[in-house]
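Below is one structure, written out as structure tokens; the observations come after it.
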Amino acid sequence: MAMRFRQLPRNSRNNSDTLHLGVHAASRLFSFRVSCGYPFTHKPHLAPRLTTNRAGDSRPLSSSTTSSQPHSASTSPSKMTVLELALQRLKSHIFQRLSPGARSSARTLEVERKFTPTKESINRLRKNNGAPAFQSHKYLGRKVIKEFYLDSDCGSLMDNGIYVRVRNGVFEAKVRKGGDCINSVFLETQGRQSVKKLVANVVPHGEIRLEDLQPSRWMRTLREEWEVDGFNVVVDSTLFGAWLWSRPTYPQKPHVVGEVELCRDVKGGEGEDEGGEMDQKIEAFMKKHEWAFPISDGNVEGKLTAYGKWEVKLFERMCAEDEEEDTRVLDESEKKYSWSEIARRHYGDRGIW
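Numbering (the UniProt record's numbering), first residue to last: 1 to 353.
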């Protein structure tokens, strides 16, 4: 989408630092908003009004002028200056979304069952032409998910069913409350402070801090999502890569897995015992619509399990081919990095939060 800015008068370009800051901030914020999947819409009523004096200097309107001439929400985006657009972006809800204080401490109880989708089942799921068909069928679209997981040096969190990750720039944590690799009950939370608190609560005596966790298991997922009969259905096609590279490693085939989910917000320990009942609802729903949710003899492989197998194959291939450079990079990914280094590698100067 093309962005149009009104050029400042030639004699108003004496403040080059301010103009450069506006251009840099606007371009970075625009690319960040697009990468997060937000529609790029202008909200002129959020931007401070500027006026230009005879010398060409831009400055805010006085309070008297502002009160007598209220700003119209219908201001054309093409008439906005670069600085106005940058200030508008800074006030947008993107940063409220990423801010630790903007997220509530509410947690979500998520119950899910995995299945192994095929080309035929995905096509039928898209068209809802199976028997019996879904009573309600809403396609929620596609989105790209880039994430990596965090764990202690010895992998103690994942070994105990605690999964901490950074997904599209947002901290998330899942604690397994029951089930197995195919049908699972998780308690989820989002936001850096909430995740930090959760890790401190589940790890005794503060032996592991969020700042001490190390990154691993980078993956990029193309997700298709539906809402059918009150259930959330997703089909994920995932490519794996080392977190240090932040890109898929080829050659590899996408790992495809599907999930049927039910979620409910909970406070404290309230509602956690409902996981069994929710799982029974999902199981009955999937059996009723087997044409959409095939399971290959119960052999369903989650993304983390598939990542472990891919990592072993990658290491074996690299050793066999004696790729010294790739081996050096793989060894380098085992080093410890500070949060600032992790943030810079994955999100540039924006950081993770």
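All residues carry an ideal CB built from backbone N, CA and C; glycine is no exception.
Let's see if you can read the secondary structure: which residues bound the alpha helix (DSSP H) around residue i?
i: Y307; result: K303 to E321
i: R126; result: K119 to K127
Give every residue of the same chain whose Cβ lies closer than 7 Å to the Cβ of residue i, excluding the five residues on either side of it in the sequence, and list them in chain order.
i: R142; result: L222, R223 and E224
i: V202; result: I162 and V175
i: R124; result: G130, W291 and A292
i: L314; result: T249
i: L140; result: E225, W226 and E227
i: C181; result: G302 and T305
i: F186; result: E110, K174, V175, R176 and K177
Looking only at its chain, what residues have a beta carbon closer than 6 Å to the beta carbon of residue i, apart from the 5 residues adjacent to it on each side?
i: H137; result: N128 and V228
i: A306; result: H255
i: M158; result: D151
i: N232; result: E261
i: E188; result: T108, E110 and K174
i: S237; result: L222, P254 and V256
i: L210; result: K196 and V199
Kindly indicate which three-state DSSP category residue i falls into: helix, strand or coil?
i: D279; result: helix
i: S246; result: coil
i: S156; result: helix
i: residue 401; result: Because residue 401 is not part of the residues shown, which for the chain are 1 to 353, the question remains open.
i: K177; result: strand
i: F171; result: strand
i: F231; result: strand
i: F148; result: strand
i: H289; result: coil
How far does the beta strand (DSSP E) with residue i in it extend, from its first residue to its last?
i: Q193; result: It is not in any beta strand (DSSP E) - Q193 instead sits in the alpha helix (DSSP H) that spans R192 to V202.
i: E225; result: Q214 to V228
i: K114; result: R107 to F115
i: I208; result: No beta strand (DSSP E) contains I208, which DSSP labels as neither H nor E.
i: V164; result: I162 to R167
What does residue i pair with, by DSSP beta-bridge criteria?
i: R142; result: E224
i: residue 405; result: Not covered by the structure: residue 405. The range shown for the chain is 1 to 353.
i: S184; result: E112 and G179
i: H137; result: V228
i: V266; result: R107
So, for residue i: in the same chain, excluding its five sequence neighbours on each side, which residues have a beta-carbon less than 8 Å away from its beta-carbon?
i: I208; result: S152, S156, L157 and V199
i: F285; result: D229, F231 and V260
i: P294; result: F115, T116, P117, T118 and S121
i: V144; result: G37, R220, T221, L222 and R223
i: E283; result: R113 and N183
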